[in-house]
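Colleague:
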DNA sequence: TCAATAATGAGAACCGTTGTCAAACGGAGG
DNA sequence: CCTCCGTTTGACAACGGTTCTCATTATTGA
Ligand SMILES: [Zn+2]
Ligand SMILES: [Zn+2]
Ligand SMILES: [Zn+2]
Ligand SMILES: [Zn+2]
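Protein chains in written order, with our numbering: chain A, 1 to 133; chain B, 134 to 266.
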């Protein structure tokens, strides 16, 4: 279950984990790096990138690609497969699951002869607060 | 009805449309540019990029972002909303639709107070041919 | 045909990300 | 506690896809 191998705990990694734990939205590596720097925590940008992708492959954080091609990261509540509904304005994010969708994706792919099926699904809209504004 | 505004017809745009019409898989701008160049059709790379995104906003082609962050384009059979099942090995692509998924996405977002909901969904796997190989 | 305007192309610029490599660090053994 | 060695870090260069610039060329409508 998410074996993180021989990775050593470092001050930088801890700071990064903290930063992620306190954020409800998806954030870019550069954004996170800027926050750490602003709060006085000196961490190299390359280190932020490296650790984020290590955490991503270990399933500790979720990654999604924004429309303009940058990767954004988030420490989700659950490690299990799920999807996100993200507010286009403020970034507010909620995690959702649905067996129906999972089955549909597998079924429709199988109907066309595909195997080892995977999928990506992201939902976005205007959250209640932003719509009210 | 996808108004393409005041766009003027050009030799380059026509060549690009031809190239896309003859392809069943999603292809990158650079790939398309290389093909055009190889076949003796001189077109600037910037022009390929510009026209592809113009065609994309006009709904003439579909765009998806690959895992390594490049945009790939395809002239799909239908202009209506649909999704794709793409073979991870050969790129073979089939278009699929499913009301159930569309409704689920809207419903789950609405449950959390979101409005003006949109979604992206891509499915990938191994096509029958590649699995048999 | 002629001016007005849109499209093109070559190359530079951009920007998120990854590679480089010497210095700093953490951990197991002594 | 000290040393040794593989891991991690960080400053900076390099990379790759995409976008910008702007002078030149093509299209349109009169
Ligand atoms: Zn919002
Ligand atoms: Zn799913
Ligand atoms: Zn295949
Ligand atoms: Zn859909």
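Glycine included, C-beta positions come from ideal geometry on N, C-alpha and C.
What do you reckon, is the C-beta of residue 95 of chain A under 6 Å from a heavy atom of ligand 2?
Modeller: Along the first chain, one-based indexing puts residue 95 of chain A at 95. Checking every heavy atom of ligand 2 against the Cβ of residue 95 of chain A, none is found closer than 6 Å.
Colleague: Check residue 35 of chain A in the structure and name its three-state DSSP category.
Modeller: Sequence index remark: in the first chain, residue 35 of chain A carries index 35 (1-based). Here residue 35 of chain A sits in helix by DSSP.
Colleague: Alpha carbon to alpha carbon, what distance is there between residue 82 of chain A and residue 6 of chain A?
Modeller: By one-based count along the first chain, residue 6 of chain A stands at place 6. By one-based count along the first chain, residue 82 of chain A stands at place 82. Cα-Cα distance, rounded: 28 Å.
Colleague: Can you check which of these residues, A/120, A/27, A/77 and A/64, is closest to residue 218 of chain B by C-alpha distance?
Modeller: For the purposes of this step, residue 218 of chain B is taken as the residue at position 85 of the second chain. The candidate whose alpha carbon is nearest that of residue 218 of chain B is A/120.
Colleague: Quick one, which of B/168, B/222, B/157 and B/208 has its alpha-carbon nearest residue 261 of chain B's?
Modeller: For this step, residue 261 of chain B is matched to residue 128 along the second chain. It is B/222 whose Cα lies nearest to the Cα of residue 261 of chain B.
Colleague: Taking DSSP as the reference, what is the three-state secondary structure of residue 50 of chain A?
Modeller: Translated into positions along the first chain, residue 50 of chain A becomes position 50. Reduced to three states, the DSSP call for residue 50 of chain A is helix.
Colleague: Taking the CB atoms as reference points, tell me whether residue 28 of chain A and residue 72 of chain A lie closer together than 7 Å.
Modeller: Against the first chain, residue 28 of chain A aligns to sequence position 28. Against the first chain, residue 72 of chain A aligns to sequence position 72. Yes; because the gap between Cβ atoms is below 7 Å, this pair is in contact.
Colleague: Are three or more beta carbon pairs between the stretch 106 to 120 of chain A and the stretch 243 to 258 of chain B nearer than 8 Å?
Modeller: The answer is yes - the stretch 243 to 258 of chain B touches the stretch 106 to 120 of chain A, with three or more Cβ pairs under 8 Å.
Colleague: Using DSSP with H/G/I as helix, E/B as strand and the rest coil, what is residue 211 of chain B?
Modeller: Reading the second chain from its first residue, position 78 is the one you call residue 211 of chain B. DSSP places residue 211 of chain B in coil when its eight states are reduced to three.
Colleague: Starting from the beta carbon of residue 101 of chain A, find every residue of chain B whose beta carbon is closer than 7 Å, and list them in chain order.
Modeller: Here residue 101 of chain A corresponds to residue number 101 of the first chain, with the count starting at 1. Per Cβ cutoff of 7 Å: 234 and 237.
Colleague: Measure the alpha-carbon distance for residue 20 of chain A versus residue 74 of chain A and round it to whole angstroms.
Modeller: Position 20 of the first chain, counted from the first residue, corresponds to residue 20 of chain A. Position 74 of the first chain, counted from the first residue, corresponds to residue 74 of chain A. Going by the C-alpha atoms only, they are around 6 Å apart.
Colleague: Who pairs with residue 87 of chain A in a beta bridge, going by DSSP?
Modeller: In the first chain, counting from the first residue as 1, residue 87 of chain A sits at position 87. A/125, per the DSSP bridge assignment.
Colleague: Between residue 66 of chain A and chain B, is there a C-beta pair that is closer than 7 Å?
Modeller: Translated into positions along the first chain, residue 66 of chain A becomes position 66. No, its Cβ sits nowhere closer than 7 Å to a Cβ of chain B.
Colleague: Residue 65 of chain A by DSSP, collapsed to three states: which one?
Modeller: Translated into positions along the first chain, residue 65 of chain A becomes position 65. In this structure, residue 65 of chain A counts as strand in the three-state DSSP scheme.
Colleague: Is residue 251 of chain B close to chain A? Criterion is C-beta to C-beta, closer than 7 Å.
Modeller: Your numbering for residue 251 of chain B matches position 118 in the second chain. At least one chain A Cβ lies under 7 Å of residue 251 of chain B.
Colleague: At a threshold of 6 Å, does residue 86 of chain A count as lining ligand 1 (C-beta to nearest heavy atom)?
Modeller: Sequence index remark: in the first chain, residue 86 of chain A carries index 86 (1-based). No; taking the cut-off as 6 Å, the Cβ of residue 86 of chain A has no heavy atom of ligand 1 nearer than that.
Colleague: Taking the C-alpha atoms as reference points, what is the distance between residue 234 of chain B and residue 247 of chain B?
Modeller: Here residue 234 of chain B corresponds to residue number 101 of the second chain, with the count starting at 1. Here residue 247 of chain B corresponds to residue number 114 of the second chain, with the count starting at 1. Near 17 Å, if we compare the C-alpha coordinates of residue 247 of chain B and residue 234 of chain B.
Colleague: In whole angstroms, give me the CA-to-CA distance for residue 184 of chain B and residue 245 of chain B.
Modeller: As a working mapping, residue 184 of chain B is identified with position 51 in the second chain. As a working mapping, residue 245 of chain B is identified with position 112 in the second chain. So the two alpha carbons sit approximately 38 Å from each other.
Colleague: Contact defined as beta carbons within less than 8 Å: I believe residue 67 of chain A pairs with residue 26 of chain A. What is the distance between those atoms, to the nearest angstrom?
Modeller: The residue labelled residue 67 of chain A in the question sits at position 67 within the first chain. The residue labelled residue 26 of chain A in the question sits at position 26 within the first chain. So it is not a contact: roughly 12 Å between Cβ atoms.
Colleague: Verify the CB distance criterion: does residue 35 of chain A have a CB-CB separation below 7 Å to chain B?
Modeller: As a working mapping, residue 35 of chain A is identified with position 35 in the first chain. Output row for residue 35 of chain A: interface = no.
Colleague: Give the range of the alpha helix (DSSP H) segment to which residue 176 of chain B is assigned.
Modeller: Position 43 of the second chain, counting from 1, holds the residue named residue 176 of chain B. From DSSP, residue 176 of chain B is part of no alpha helix (DSSP H); its letter is neither H nor E.
Colleague: Work out the CA separation of residue 187 of chain B and residue 135 of chain B for me, nearest whole Å.
Modeller: Walking along the second chain from the start, residue 135 of chain B turns up at place 2. Walking along the second chain from the start, residue 187 of chain B turns up at place 54. For residue 135 of chain B, the pLDDT reaches just 45, beneath the cut-off of 50, and the residue's location in the model is therefore unreliable, although a value from the coordinates is still provided. If I take the Cα positions, the gap works out to 11 Å.
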